[in-house]
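Asker:
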Amino acid sequence: MIPPIANNFVAGETAPGALDHVASLNDDGVKGILNLLGEHYDERQPADEDAGQYIELIKEIDRSGLDCCISVKPSQIGLDVGDDVFVENLERIVAAGDDRDVFVWVDMEDYTTTDVTLDAYERLVTEHEGGVGVCTQANLKRTPEDLERLAPLPGKVRLVKGAYSEPKKVSYKKKERVNEAYRDCLELMFEEFEGGVAVGSHDPAMIDHAKDLHDEYGTDYEVQMLMGVRDDEQRDLAAEGVPMWQYIPYGDKWFSYFYRRVRERKENALFAVRAVLS
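Numbers 15 to 292, taken from our numbering, label the letters of the sequence shown in order.
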């Protein structure tokens with residue numbers, strides 16, 4: 015069953031195929047966030063190569079005129095090799111995005127990577143006066159403090175619940191507590207952020223909460239969902255005028271991507287199966 019399931023969640027193995035998928039989304043008012051699959055490289059060469067592929071992807075997005083941006087994982091562009099390798103490659107990617115007006119998101123991985131990721135983001139978004147975004151995870155107990163730090167910066171921040179199985183000392187484990195933390199973090203963001211809020215969630219309750227907070231505070235926001243999850247709802251939100259972005263993985267490492275997501279938490283496996291069956 016892996017190939018048909020993967021086809022629901024991955025937009026092919028090549029950049030042209032992924033851009034074709036974005037074009038079809040744009041026809042329905044949905045925008046695209048492209049992510050070249052790959053992570054946890056422990057040698058510099060593949061990290062540098064993927065950084066180079068992102069730079070070429072930025073050029074292709076610019077030429078295509080599609081409503082699209084990119085999102086990169088720190089461990090894909092060198093974090094497991096060394097902090098300096100990650101920062102150097104991220105600088106190259108962000109500079110290319112700045113030159114061609116293509117937004118660059120920086121994904122967040124497990125809690126041990128939070129500080130170096132936020133430090134790199136803060137420096138680059140300040141130097142480029144925007145054009146960069148970073149992901150934060152509501153299940154981490156530190157996130158409200160991180161959001162206070164990020165609020166004055168000119169970039170964007172995506173809030174997700176968190177997919178990694180983190181130690182209890184640094185994270186909330188119960189679903190109800192994570193939902194509570196997500197709601198609280200969203201309200202903090204709508205109240206204090208001026209550059210907009212990215213709601214990374216498939217949960218209808220959280221999306222409705224974001225709509226209510228927008229009505230209360232007037233803060234701009236967008237919704238981000240994964241490819242293959244609640245696709246009809248994505249189109250419906252776009253039709254309602256909500257800025258809707260689909261996170262689109264692609265590349266020849268689709269099997270390891272799917273396998274890793276399933277292994278991280280048992281909820282991921284159930285979530286994937288429900289998404290396909292629905």
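All residues carry an ideal CB built from backbone N, CA and C; glycine is no exception.
May I ask you to list the residues that DSSP assigns as paired with S38?
Answerer: Its beta-bridge partners do not exist; DSSP assigns none.
Asker: When you compare the segment 255-272 with the segment 31-42, are there three or more beta-carbon pairs, one atom per stretch, that lie closer than 8 Å?
Answerer: yes
Asker: Just checking, does the segment 42-58 make contact with the segment 77-88 on the three C-beta pairs under 8 Å criterion?
Answerer: Because the criterion of three Cβ pairs below 8 Å is met, the segment 42-58 and the segment 77-88 touch.
Asker: If you follow the beta strand (DSSP E) that G147 is in, where does it begin and where does it stop?
Answerer: V146 to Q151
Asker: Give the C-beta separation of E136 and L167 to the nearest angstrom, bearing in mind that I take them to be a contact with Cβ-Cβ under 8 Å.
Answerer: 6 Å
Asker: What are the residues that DSSP puts in a beta bridge with N301?
Answerer: For residue 301 there is no data in the structure shown, the boundaries of the chain being 15 and 292.
Asker: Which residues does DSSP list as the beta-bridge partners of E236?
Answerer: A212
Asker: Is I91 helix, strand or coil by DSSP?
Answerer: coil
Asker: Is it right to say R163 is buried, meaning 16 or more other beta carbons lie within 10 angstroms of its own, or is it exposed?
Answerer: exposed
Asker: Measuring straight from C-alpha to C-alpha, what distance separates T150 and K170?
Answerer: 11 Å
Asker: Pairs of beta-carbons, one from the segment 130-145 and one from the segment 177-186, closer than 8 Å: are there three or more?
Answerer: no
Asker: Do V86 and D121 have their C-beta atoms closer together than 8 Å?
Answerer: yes
Asker: Considering only residues of the same chain and omitting the five flanking positions on each side of A253, which have a CB-CB separation below 7 Å?
Answerer: G43
Asker: Could you tell me the alpha carbon to alpha carbon distance between V116 and Q67, rounded to whole angstroms?
Answerer: Take the alpha-carbon of V116 and the one of Q67: they are about 14 Å apart.
Asker: Counting along the chain, where does the alpha helix (DSSP H) carrying S179 start and finish?
Answerer: Element bounds for S179: n/a, residue is neither H nor E.
Asker: On the criterion of 16 or more Cβ atoms from any shown chain inside 10 Å, does K187 qualify as buried, or is it exposed?
Answerer: The residue in question, K187, is exposed, as its Cβ has fewer than 16 Cβ neighbours within 10 Å.
Asker: Can you pull the DSSP bridge partners for R172?
Answerer: C149 and A212
Asker: Would you mind sorting Q59 into buried or exposed? The rule is 16 or more other CB atoms within 10 Å of its CB.
Answerer: exposed
Asker: Just the Cα atoms here: how many angstroms apart are A25 and V243?
Answerer: Approximately 13 Å between the Cα atoms of the pair.
Asker: Buried or exposed: S185, going by 16 or more other Cβ atoms within 10 Å of its Cβ?
Answerer: buried
Asker: Only counting the same chain, and skipping five residues up and downstream in sequence, which positions put a Cβ closer than 6 Å to that of H54?
Answerer: S89 and D94
Asker: Among V174, M203, E208 and V192, which residue has its Cα nearest to the Cα of H216?
Answerer: Closest option to H216, Cα to Cα, is V174.
Asker: For the beta strand (DSSP E) that V86 lies in, which residues bound it at each end?
Answerer: C82 to V86
Asker: Give a yes or no on whether the C-beta atoms belonging to V237 and I221 are separated by under 8 Å.
Answerer: yes
Asker: Going by DSSP, which residues form a beta bridge with N258?
Answerer: The question names Asn, yet the displayed sequence has Met at residue 258. According to DSSP, which records beta bridges pairwise, M258 is partnered with V237.
Asker: Given that a residue counts as buried once 16 or more other Cβ atoms are within 10 Å of its Cβ, and exposed if not, what is T126?
Answerer: It counts as exposed.
Asker: When DSSP labels each residue in this structure, what does L167 get in the three-state scheme?
Answerer: In the structure shown, L167 falls within a coil segment according to DSSP collapsed to helix, strand and coil.
Asker: Applying the criterion that 16 or more other CB atoms from any shown protein chain within 10 Å of the CB defines a buried residue, is D56 buried or exposed?
Answerer: exposed
Asker: Identify the continuous alpha helix (DSSP H) that holds V101 and give its terminal residues.
Answerer: Note, V101: alpha helix (DSSP H), D97 to R114.
Asker: For a test of the three-state rule: what should DSSP assign to V130, helix, strand or coil?
Answerer: helix
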